[in-house]
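Okay, so here's the structure we're looking at.
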Amino acid sequence: MELVDIARWQFGITTVYHFLFVPLTIGLTLIVAIFETFWLRTKNPDYLRLTKFFGKLFLINFALGLVTGIVQEFQFGMNWSDYSRFVGDVFGAPLAIEGLLAFFLESTFLGLWIFGWDKLPRLVHAACMWIVHLGVLASSWFILAANSWMQHPVGYEYNPETGRAELTDFAAVMFNKVQLVTFPHVVLAAYMSAAAFVIGISAWLYVSKRHGGRVATEEEVAAGEAEAIATTARGERTMYRRGIRISAVIMFVSAIGVIISGDVQGKVMTEVQPMKMAAAEALYETEQSCAPFSVFTIGTPDGQEEKFALTVPCLLSFLGTGSFDGEVKGINELRETYAETYGSDVGATYYTPDDYVPNIPVTYWTFRWMMGFGALGTAGSALVLWLTRRRRDEVVNAAWLGRVGIALPVVTVLASSMGWIFTEMGRQPWVVFGLMTTERGVSPGVSIPEAWISVITLTTLYGVLAVIEVKLLAKTVRKGPEEFVEPPDPGRADHDDDAQLTFAY
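Residue numbers (UniProt numbering): 1 to 505.
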């Protein structure tokens, strides 16, 4: 393998792994904030128990996500130093603001939320998690702005003396047209993933024999404890059903938003990166109007020849242009256009037309898997709402609730992962579209053995972290929410302001 291939594999492995934590961090801050707000408004103990339970799961995820995210920054200097040198002036501003403003905002108020249960007035304490959520959204904005610049470079000038792209318009980078459609799409997808996570865990607890699905044993019946156990189980089921219903509404509404924002994003993508849309359909010849969209295709391994396809007439034209009669350019025409337009990579080696075409099978199938898994998640959230529509402690079919609930986190994570793989692979061979190819971004001083060592080391480390993450989450989930304990109210006159600060988790 070439150095660029090893470096790409490393970045792909670590980035996809890290992104498993990101949607949960974004979405769980919102859901935990909603649970705590409901507790303040209703004084229902169930909402406080859900707040603390999913707050603890969020903290586990946040800690592991923080560790894996740090590696992303180091990778730019390890394997992608030429890329970092080229984009450093542009990326420096948004990423510095993300670290100094957004991340410190969320981490500071998260600390107040963790330690402030017995020190902060309840309204202020709940506001802390809302501020954490705003900080997470701000972090997402700045990071996605940097990524959107790679997809559609704006607000810069190329300096041939230094060989760098230099920032000239910060606002143009922050409000890039790609950024304006990518941000809501990614955030809404994160809400879907986090809501599915809450549904899955709550559904499992609902049907678990340890929790909501528990029935009295013969010994407990003989001891006269059956009624008390049944009452407790009903109370647990009521609490889990509340968590499921709230999360299912969030997931379904977010899914509708993902569909709408994804449609707009597809049209912007066709405008700024027409090759990506052509690759998503493996469309080699330009369709002047009514371009079909293939739901399923069997073709040659390189994706250049179609053997069988199940198509929807004119759908690709609508996805790409907003009109069923819109023209969608094909790969053959675009690669010739790219060769004429770009010819060489900022004064580097000449690239043949074929070099401007991304991996067709990967882009074709990840695009469909993204939409397919997303559609399953949307349908699953609607099914969960239907299954939980009856009385407050019962569902239509508990067995189906358990199956669907456990499947939802899997399909939503797969949908998000496939979407990002398509986004990044579809941009190839560019690391910065139209300015720098991926092979020119690698570090010139890194040898192939050194690159292999880093791949193996980081993959092994991430494997260990995955085991730790799963064990911590599984242990916490099996234990379930703690019993309700009324937290101290600093607003009361008899509250001891000098009491020792306690760690709530």
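From the three backbone atoms N, C-alpha and C, an ideal C-beta is built for every residue, glycine too.
- Beta-bridge annotation (DSSP): A165 is paired with Y158.
- For W369, the enclosing alpha helix (DSSP H) has its first and last residue at I360 to L387.
- Around the beta carbon of F484, fewer than 16 other beta carbons sit within 10 angstroms, so the residue counts as exposed.
- By the neighbour-count criterion, in which a residue is buried when 16 or more other Cβ atoms sit within 10 angstroms of its Cβ, L28 is buried.
- By the C-beta criterion, the stretch 452 to 468 is judged to be in contact with the stretch 7 to 15, since at least 3 inter-stretch pairs fall below 8 Å.
- In this model, L101 and T286 are separated by some 46 Å (Cα to Cα).
- Taking C-beta atoms as the reference points, M370 and A407 fail to come closer than 8 Å.
- Beta-bridge pairing by DSSP links E236 to no other residue.
- Contact between P490 and D118 holds, since their C-beta atoms are separated by about 7 Å, short of 8 Å.
- Ranked by Cα distance from Q151, the options L30, P292, L435 and T366 are led by L435.
- The DSSP-derived three-state label of M436 is strand.
- The way I'd put it, the stretch 193 to 202 doesn't touch the stretch 147 to 166; fewer than three beta-carbon pairs between them come closer than 8 Å.
- The Cβ atoms of A194 and L50 lie no closer than 8 Å to each other.
- Between the beta-carbon of G480 and that of L57 there is about 11 Å, and that puts the pair past the 8 Å contact cut.
- Excluding residues up to 5 positions away in sequence, I31, Y191 and A195 lie with their Cβ nearer than 7 Å to the Cβ of I250 in the same chain.
- For the pair of segments examined, the stretch 457 to 466 was found not to touch the stretch 40 to 48: the number of CB pairs separated by less than 8 Å stays below three.
- Inter-segment contact for the stretch 84 to 93 and the stretch 57 to 73 is absent: fewer than three beta-carbon pairs are separated by less than 8 Å.
- In the DSSP annotation of this structure, the continuous segment of the alpha helix (DSSP H) that includes Y191 starts and ends at K177 to V207.
- Within the model, the alpha-carbon separation for F35 versus I131 is close to 15 Å.
- By the neighbour-count criterion, in which 16 or more other beta carbons inside 10 Å mark a residue as buried, V470 falls on the exposed side.
- DSSP lists no beta-bridge partner residue for S140.
- Residue environment for M1: exposed (fewer than 16 other C-beta atoms within 10 angstroms of its C-beta).
- In the displayed model, W430 falls within a strand according to three-state DSSP.
- For V357, the secondary structure class from DSSP, reduced to helix, strand or coil, is coil.
- Sequence-distant partners of G419 (beyond 5 residues in either direction) whose C-beta falls short of 6 Å from its own C-beta, in its chain, are M370.
- When the beta-carbon positions are compared, A282 and Y156 stay at least 8 Å from each other.
- By the Cβ neighbour-count rule, G322 is exposed, with fewer than 16 other Cβ atoms within 10 Å of its own.
- The C-alpha of A255 is placed about 10 Å away from the C-alpha of L376.
- Of the candidates E336, L473 and L458, the residue whose Cα lies closest to the Cα of V16 is L458.
- Counting only residues of its own chain and dropping the five nearest sequence neighbours on each side, Q428 has a CB closer than 8 Å to the CB of P358, N359 and T438.
- Here the stretch 156 to 169 does not lie against the stretch 334 to 341, with fewer than 3 beta-carbon pairs under 8 Å apart.
- Using a Cβ distance threshold of 8 Å, S140 and V187 count as a contacting pair.
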